[in-house]
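Position 12 of the sequence shown, counting from 1, maps to 12 under our numbering, and the rest follow consecutively. What follows is a set of notes on a single structure, which appears directly below.
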Amino acid sequence: MIVLSAEFVKSASGPEGYPPAGPPELAFCGRSNVGKSSALNALAGRRQLARVSRTPGRTRLINFFDLRVRTEERSEHDVRFADLPGYGFASGPRAEREQWKEMIERYLSRRDPLRALVVLVDGQIGAQPSDVEMARWGESLGRRVLVAVTKLDKLSRSRRGRQVEKIQAQLGLQPIIAFSAREPFGIEELWRALLSALS
Ligand SMILES: Nc1nc2c(ncn2[C@@H]2O[C@H](COP(=O)(O)OP(=O)(O)O)[C@@H](O)[C@H]2O)c(=O)[nH]1
Ligand SMILES: [Mg+2]
């Protein structure tokens, strides 16, 4: 996959702030620190795409990025990534959790160009109850859910396959992409799964 362009569009907390409907969208979510920014940067082939949004406050907003890619078959595709704020601050203030939930639910349930939700799971620690909950919630809101297992470079090669199988069994979802932003591997596979979710 060749990434022809990748740029930050804007941040928003609700529909009035979303960019006008444009390219088909893919939403990315996962627990804080799962490696979401790293995964987005690896997909974009840019070191700091996701860092553009790291100005204070924006990690609690939905960040939109527009990308244009060319496949090996030379077809070109426009896609918009929606980087959702991380979960896993379940111990945080109740009001904050409620706000987060409302923001995500509004986006997932009503955003017309949205084609799929990508749930990132930390390959080193495995699927947490919050990951299972997130995936189920996405499905219950009528969304297609893909899973990307990150940080697999932290496991020995012999453990990687077993860990991915275990996570697959926990989440009961297909496809599940084995991934590392560090080594790196799985980026082409993830791109292919993403593009096939667009159609
Ligand atoms: N070993 C390894 N570390 C990773 C990988 N992806 C992210 N990290 C590290 O995990 C930490 C959190 O990554 P970040 O992308 O900021 O996570 P986010 O909070 O989900 O956006 C950072 O220290 C990254 O360097 C990976 O694939 N392999
Ligand atoms: Mg991040």
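No residue lacks a Cβ here, since even glycine has one placed at the ideal position from N, Cα and C.
Distances from the CB of Ala50 to the heavy atoms of ligand 2 include at least one below 7 Å.
By the C-beta criterion, the region 153-165 is judged to be in contact with the region 178-190, since at least 3 inter-stretch pairs fall below 8 Å. A check of alpha carbon separations from Ser37 across Phe81, Arg159, Arg144, Arg94 identifies Phe81 as the nearest.
Residues lining ligand 1 by the Cβ criterion, that is a Cβ closer than 6 Å to any of its heavy atoms, are Gly30, Ser32, Asn33, Val34, Gly35, Lys36, Ser37, Ser38, Gly86, Thr150, Lys151, Asp153, Lys154, Ser180, Ala181, Arg182 in chain order. Excluding the 5 residues flanking it on each side, Gly88 has same chain C-beta neighbours closer than 7 Å at Arg31, Ser32, Ser130, in chain order. CA-to-CA, the gap between Ala44 and Val3 works out to about 6 Å.
Within its own chain, the residues whose Cβ lies closer than 7 Å to the Cβ of Ala42, once the five positions on either side in sequence are excluded, are Ala181, Pro184, Ile187, listed in chain order. Apart from sequence neighbours up to five positions away, the residues of its chain that approach Pro23 with a beta-carbon distance below 6 Å are Asp78, Val79, Arg80, ordered along the chain. Secondary structure at Val132: helix, using DSSP grouped into helix, strand and coil.
Comparing alpha carbon positions, the residue from Met103, Arg97, Pro93 closest to Leu61 is Met103. In this model, Glu133 and Arg143 are separated by some 14 Å (Cα to Cα). In the displayed model, Ala42 falls within a helix according to three-state DSSP. With at least 16 other beta carbons inside 10 angstroms of its own, Asp122 counts as buried.
The three-state secondary structure of Ala178, taken from DSSP, is strand. DSSP places Gly30 in the uninterrupted beta strand (DSSP E) bounded by 25-30. By the criterion of a C-beta distance shorter than 7 Å, Asp112 is surrounded in its chain by Ala21, once the five residues flanking it on both sides are discounted. At least 8 Å separates the beta-carbon of Phe179 from that of Leu195. Along the region 77-146, the alpha helix (DSSP H) occurs as fully enclosed runs of 4 or more residues at 94-110, 129-140, listed in sequence order.
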